[in-house]
Amino acid sequence: MWKDFPFYPEQASTIAQPVDLLYFFLVAVSAFFALLISVLIVVFASKYRASRPNPVSAHIVGSNKLEVIWTVIPLGLTMIMFAWGTVLFFDQSRMPPDAMQFTLTGKQWMWKVQHPSGQREINDLHVPIHKACTFTMTSEDVIHSYYIPVFRTKQDVVPGRYSQLWFEATKLGTFDIFCAEYCGTKHSQMTGKVTVMSQEDYERWLSGAVANETPVQAGERLFTALRCITCHNATSTARGPNLAGQFGKEVELASGAKVIFDADYVHESILNPTAKTVTGFQAGLMPTYQGQVKEEDILSLIAFLKTYGATTPAAGAPAK
Amino acid sequence: MKSTVLTPPAPAAHPPQIAKAKTNYLTADFGWKSWLFTVDHKRIAVLYLVSIMVFFLIGGTFAILMRGELLTPKGDLFDADTYNKLFTMHGVVMIFFFLIPSIPAVLGNFLVPIMIGTKDLAFPKINLLSWYIYLVGGGATLYVAISGGIDTGWTFYAPYSSTYANTNVAGAAIAVFVTGFSSILTGLNFIVTIHKMRAPGMTWFRMPLFLWAQYATSLIMIMGTPVLAITVLLLALERTFHIGIFDPALGGDPVLFQHLFWFYSHPAVYIMILPGMGVVSEIVACFSKKPMFGYHFIAFSSLAIAIFGFVVWGHHMFVSGQSAYAGFVFSFLTMLVAIPSAVKVFNWIATLYKGQVSLETPMLYALGFIGLFTIGGVTGLFLAVMGLDRHVHDTYFVVAHFHYVMVGGMVMAFMGGMHFWWSKMFGRMYPEAMAQFAAVVIFVGFNFTFFPQFILGYMGMPRRYHQYNVEFQTLNVLSSAGASILGMGFLMTIAYFVWSLKWGKPAPQNPFGAKGLEWERAPSPPPTYNFEEGDKIIVTEDAYAYTSEEPAVIAAHEVKK
Amino acid sequence: MSDHAHSTYGLVHHFDDLEQQKETGTLGMWSFLITEVLFFGGLFGAYAVYRSQFPDAFQVASAQLKVGLGAINTIVLICSSVTMALGVHAAQKGSKNGIILGLIGTLVFGAAFLVVKYFEYKEKWDHGLIPGYHFNSHGTFDSLHAGPAQMYFALYFVMTGMHAFHMVIGMILMFWLIAKARKNYFREGHYALIENFGLYWHFVDIVWIFLFPLLYLVGAHSGAGGAHHG
Amino acid sequence: MSGHHIVSVKLYFGVFFALCALTFLTYWTALHDYGAFNTPLALAIAGVKAALVILFFMHAKYSSKLTQLFAFAGFFWLAILLVFTLQDFMTRDLLPFYFWPKA
């Protein structure tokens, strides 16, 4: 009968089982304390009831020993929960290096996904099984939250910024995608289905769908079309820093601060180039591309910059 | 009638003590002016009681309508916009106009001066002003509800609220802004009163724990509320003039709004629960006829909660785009703030041990509070553990958790406190058997309503959903059914309370044999200046002196056996 | 501590003695100032976050302010604080005329501050620097800085506006206090009202002490725009 | 006790001149480029000025411990707000570390 009344959703990703284990641990601790307290209330309330013959209250005002015990034990338990949960969370927050790179844009009230191979989908998502998939996500309007319960994962999608999420599906089937952050009228209809397929089915599905250029290809095309390479090259007279092989590395700014050359940095530098100028280069040379490039274009450029330098050494040797 | 027939009242004709005994704060003066311009803290408490009950009924109506909609997976009772307005208005009304002022402004206002043995709060006029500010804020909220409503959720997250919503966000922001000052003034009044107006002999560690809780609550009110005020003001400005402060197009960060919002709104959760803990401490000690176990620990845990409560707000934002390291810090501190709450629960239980426990209505509510708050508290840990929060954040699990704390905790404590001090406030007893029945109905209805939501949440149903998947229906129907039981319980309670005002048994000064100045020195109801004229309050014993040192030897002896 | 020369003049019914009443008022005022610190604190928080994110834009935007005017206003406000302190001093000494003189001085300096502020605001208005849909209508900022510069000016106007609002409230209260002082209300040691008002006024001064470097001085050394007075 | 200590007029004027001097100092330092130190310097000077006002004009130096605690509490809570908000923004560029290396 538990099949009809499940207490947890299907476990369809690598992270699902560890999350459920932690959940069961917390449920067990909670149940223990809830039960302990209920039993103590019932026992004390009946054993020491005022209606018993000759009731008398004992003069007990406290016990430091007991206070220490019931401070230390819950503290120990919560520290276990904290450590366990934090390890899980950090694992979920750090993107696996050799994963399939999806991009995702949320808008009222739909999810727009692009596959590494260039296919686009709206609301629905097809992913191969046993393959880590990372999502670089942003929003065109308000905050949304990409939530797939069976994968036990969720991440807010914030306008003007990039957030990331990854999972590795472990179960074939079709599952729900929800928007978990309230986003307006049709918030409850901003849903979709994720279909987990075998590698062959996924490839068949890809070939059946209309193939666009991949984000990397689109990014490379834009990189050329926008003439980025004119300044951002490896020559000694280059007016901008060479971008090849830079993604994910630390760069030093004119202000002396250091930032990670990541999606947010790329986004900011394209729309607001003077915000964080790399040391040794003149600020204000680069024009803003605000209004010229769309959010999805920037996502493509990011996808390209991730591979740039690694796959096209001819375009410019890595900086150091 | 001829004026010559009238004779001026001759006070000398009556023996003075009888005349005095008959005049209490309710009968001291008559007419609407005597209420609207009163500076008597007890009358202001009654004004607050009436007004928060109005908002409680309004907020409750929104809740019942929502549960009606959620009976079926399809959105068939209301359209999506109406539903979104319903849950927003439910949240705004219940939080800002019921939960936050409930115990502080009603029971706190009534009891703080009496419990410390003084005539009034430090600033009586400011106290009245706070009620008027509350009314203005409440009126503005009702106006917003009628004129287009508001559909952002009570959290007002930008940029939806600042740019995209088509409802009266600016109006609601101003309403919340205004109401905040009512809360600030109440808190300020309590802090100063407790510091400066205690009767001779009423040292800090002789104060009833209710006062410690009120003091801690007041700290949060004056430290947190101003930040909310400026945040919603910025939101209203952004909304009206598009100044750009939370606008991502200009480089603004919507997550900043969340930081500023939760800087208040997380501690506000403690505004909503700490006074409840204070009430429960009073009730548990009285109905166990035993001194509070670990008095100092309960007192200091209130302060610890108030202070640590300010550095945990980021646990609402683990998946918001906040940095993982900030989440790490906030998660850790949240674990620490759980400890003082646990300490309180264990101390309450230990107080029952070897006492004389009687289960009158206030005690039923207090014991219900301890159980439900425990569940509400430990499920809070699920949300504070980052790895788990990624799954349960913004699902019905959250909804269930905070209703266990807010309704299972605060509302239970409020009900317990109202039953406990009802006789003191109005001089009449509530009907005991009926009240015990209603308490059980509320307890059962509450659990039916909110327990299924824990499962719904873990199954993945997001909150604020107008439509939902078919597989969630069973649990939702259960929840809606429970809500109707809960609603009946509340209506029953309100009905017999109103009934008792006229037909209830006249109350003795101390019907429960409780300790404390309000029971031992003040009549029911108290006169305008709280104590009989000429009754100089000098406190000589600790709070909850239900037992004396004498039987301690026996008790210690028994413990050893 | 209350000595017997003190009558019960001004004692409100629910206090035991004047000493308690006075301490209560003082503590109430300090509690209120805590709320004020945190009220402005939300704005300082927003400022800190955006300043750290857009240091360059804030520098360029700040250069649009007239540092000289800000500095003059700082001195003006310090003067008003001194006259306020002298007013309280007079109250402690029981000098009715001293109180009135102190309050009038404070009022005059406060008014001078607001006049300067008016001209500053007007200049921003004339240059299209009011945040909103028409911000930067004169093209003061290039498209790179326009967004964060608007946020800077949003903060500038809300922070200085809230500060000016507090001053206006204070000045209204001063008229009331002067009227009371003329009726010799503050006598026999019953001057807590003046003292507490003084605390409020000094707090307003403190807010400005922080606003001045944070808003005016950010771009002073960059030399961009009209940073230098005269 | 508060209100019983009367600050001399001379001291008020001393504080006044100190405040004016510090205002000039902060203005003067702002005209020079000290790189990353301009803002901390300006805030430090502002802090000293605020302390002078609180201690002498607002009589905090001569007030009860309780009043001093209240004066401190507001700024302490402000620090909580600033520090805990900024810790998010300051650590956003850092990648979450692995607790143990992944295979």
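Protein chains in written order, with the numbering used here: chain A, 1 to 320; chain B, 1 to 561; chain C, 1 to 230; chain D, 1 to 103. Glycine included, C-beta positions come from ideal geometry on N, C-alpha and C.
### Message
In this structure, how does DSSP classify residue 143 (chain A) when only helix, strand and coil are distinguished?
### Response
Residue state, collapsed to three classes: coil.
### Message
Assuming contact is defined by CB atoms lying nearer than 7 Å, are residue 29 (chain D) and residue 213 (chain C) in contact in what I supplied?
### Response
Annotated as distal: residue 29 (chain D) and residue 213 (chain C), with beta-carbon spacing of 7 Å or more.
### Query
Quick one: Cα of residue 508 (chain B) to Cα of residue 501 (chain B), how far?
The alpha-carbon separation between residue 508 (chain B) and residue 501 (chain B) amounts to approximately 15 Å.
### Task
Tell me, please, whether the CB atom of residue 52 (chain C) is closer than 7 Å to any CB atom in chain A?
No, its Cβ sits nowhere closer than 7 Å to a Cβ of chain A.
### Message
With a threshold of 7 Å between beta carbons, is residue 207 (chain B) in contact with chain A?
### Response
No, because no Cβ of chain A sits closer than 7 Å to the Cβ of residue 207 (chain B).
### Query
Which term fits residue 49 (chain C), buried or exposed, when burial requires 16 or more other beta carbons within 10 angstroms of its beta carbon?
Answer is buried; the Cβ neighbour count reaches 16.
### Task
Run the CB neighbour count on residue 23 (chain C), radius 10 Å, all protein chains shown included, and call it buried at 16 or more, exposed below.
Buried, by the Cβ-count rule.
### Query
With DSSP run on the structure shown, which of helix, strand or coil describes residue 286 (chain B)?
In the structure shown, residue 286 (chain B) falls within a helical segment according to DSSP collapsed to helix, strand and coil.
### Query
By DSSP, does residue 13 (chain A) sit in helix, in strand, or in coil?
Here residue 13 (chain A) sits in strand by DSSP.
### Query
Whose CA, out of C:82, C:10 and C:57, lies closest to the CA of residue 17 (chain D)?
Nearest C-alpha to residue 17 (chain D): C:82.
### Task
Within 10 angstroms of the Cβ of residue 313 (chain A), are there 16 or more other Cβ atoms? Answer buried if so, exposed if not.
Low confidence applies to residue 313 (chain A): its pLDDT is 40, below 50, so where it sits in the model is not reliable, and the reading given next is rough at best. So residue 313 (chain A) ends up on the exposed side.
### Query
Anyone know if the C-beta pair for residue 330 (chain A) and residue 457 (chain B) falls short of 7 Å?
As shown, chain A starts at 1 and ends at 320. That puts residue 330 (chain A) outside it, with no answer to give.
### Residue span of the beta strand (DSSP E) that contains residue 156 (chain A), given as start and end
Residue 156 (chain A): member of the beta strand (DSSP E) spanning 153 to 157, first to last residue.
### Query
Since residue 134 (chain C) is in the alpha helix (DSSP H), which residue starts that stretch and which ends it?
Element bounds for residue 134 (chain C): n/a, residue is neither H nor E.
#### Entry: Where residue 352 (chain A) falls: helix, strand or coil (DSSP)
A question about residue 352 (chain A) goes unanswered here, because the residues of chain A that appear run from 1 up to 320.
### Task
Measure the Cβ-Cβ separation of residue 196 (chain A) and residue 127 (chain A) and say whether it is below 7 Å.
Yes. Within cutoff.
### Task
Buried or exposed for residue 287 (chain A), please, with buried defined as at least 16 other CB atoms from any protein chain shown within 10 angstroms of its CB.
Residue 287 (chain A) is exposed by the Cβ-count criterion.
### Task
Name the residue from A:292, A:178, A:81 and A:29 whose alpha carbon lies nearest to the alpha carbon of residue 387 (chain B).
Of A:292, A:178, A:81 and A:29, the residue nearest in Cα terms is A:81.
### Query
In terms of alpha-carbon separation, which member of B:506, B:525 and B:465 lies closest to residue 76 (chain B)?
Nearest neighbour of residue 76 (chain B) by Cα position, chosen from B:506, B:525 and B:465, turns out to be B:465.
### Contact with chain A by residue 311 (chain B), beta-carbon distance below 7 Å
Residue-level contact by beta carbon fails for residue 311 (chain B) and chain A, as no gap is shorter than 7 Å.
### Query
Should residue 246 (chain B) and residue 257 (chain B) be called a contact, given that it needs their Cβ atoms to be closer than 7 Å?
Remark: C-beta atoms of residue 246 (chain B) and residue 257 (chain B) approach each other more closely than 7 Å.
#### Entry: Proximity of residue 436 (chain B) and residue 379 (chain B) at Cβ, strictly below 7 Å
Between residue 436 (chain B) and residue 379 (chain B), the C-beta spacing is not below 7 Å.
### Message
Among A:308, A:35 and A:161, whose alpha-carbon lies nearest the alpha-carbon of residue 249 (chain A)?
### Response
Looking from the CA of residue 249 (chain A), the closest CA among A:308, A:35 and A:161 belongs to A:308.
### Query
If you draw a straight line from the C-alpha of residue 305 (chain B) to the C-alpha of residue 98 (chain C), how long is it?
If you take the alpha carbons of residue 305 (chain B) and residue 98 (chain C), they lie about 48 Å apart.
### Query
Helix, strand or coil: which one does DSSP assign to residue 105 (chain B)?
Looking at residue 105 (chain B) - three-state DSSP - the assignment turns out to be helix.
### Query
Could you check where the alpha helix (DSSP H) with residue 197 (chain C) kicks off and where it finishes?
Unbroken alpha helix (DSSP H) run through residue 197 (chain C): 192 to 211.
#### Entry: Meets three-Cβ-pair contact criterion under 8 Å: the segment 155 to 162 of chain B and the segment 182 to 194 of chain B
Touching, no.
### Query
DSSP three-state call for residue 269 (chain A): helix, strand or coil?
Here residue 269 (chain A) sits in helix by DSSP.
### Message
Counting C-beta neighbours from all protein chains within 10 Å, is the total for residue 272 (chain B) 16 or more, i.e. buried, or is it exposed?
### Response
Flag for residue 272 (chain B) reads buried.
### Message
Does any residue of chain C have a CB that is nearer than 7 Å to the CB of residue 94 (chain D)?
### Response
Residue-level contact check: residue 94 (chain D) does not touch chain C, since none of the beta carbons of chain C fall below 7 Å from its beta carbon.
### Query
Counting contacts by CB-CB distance shorter than 7 Å, is residue 62 (chain C) in contact with chain A?
No - not a single Cβ of chain A is within 7 Å of the one on residue 62 (chain C).
### Query
residue 519 (chain B) bridges to which residues according to DSSP?
Residue 519 (chain B) has no beta-bridge partner at all, per DSSP.
#### Entry: Expected contact under 8 Å - CB spacing of residue 148 (chain A) and residue 113 (chain A) to nearest Å
In this structure residue 148 (chain A) is not in contact with residue 113 (chain A), their Cβ atoms being roughly 12 Å apart against a cut-off of 8 Å.
### Span of the alpha helix (DSSP H) around residue 166 (chain C)
Following the DSSP letters along the chain, one finds residue 166 (chain C) inside the alpha helix (DSSP H) bounded by residues 143 to 182.
### Query
Cβ of residue 28 (chain D) less than 7 Å from any chain C Cβ?
It does not: the Cβ of residue 28 (chain D) has no partner Cβ on chain C nearer than 7 Å.
#### Entry: Spatial distance of residue 9 (chain B) from residue 342 (chain B) (CA atoms)
Summary for residue 9 (chain B): the model assigns pLDDT 42, below 50, so the residue's position carries little reliability; its value from the coordinates is reported in the next sentence. So the alpha carbons of these two residues sit roughly 58 Å apart.
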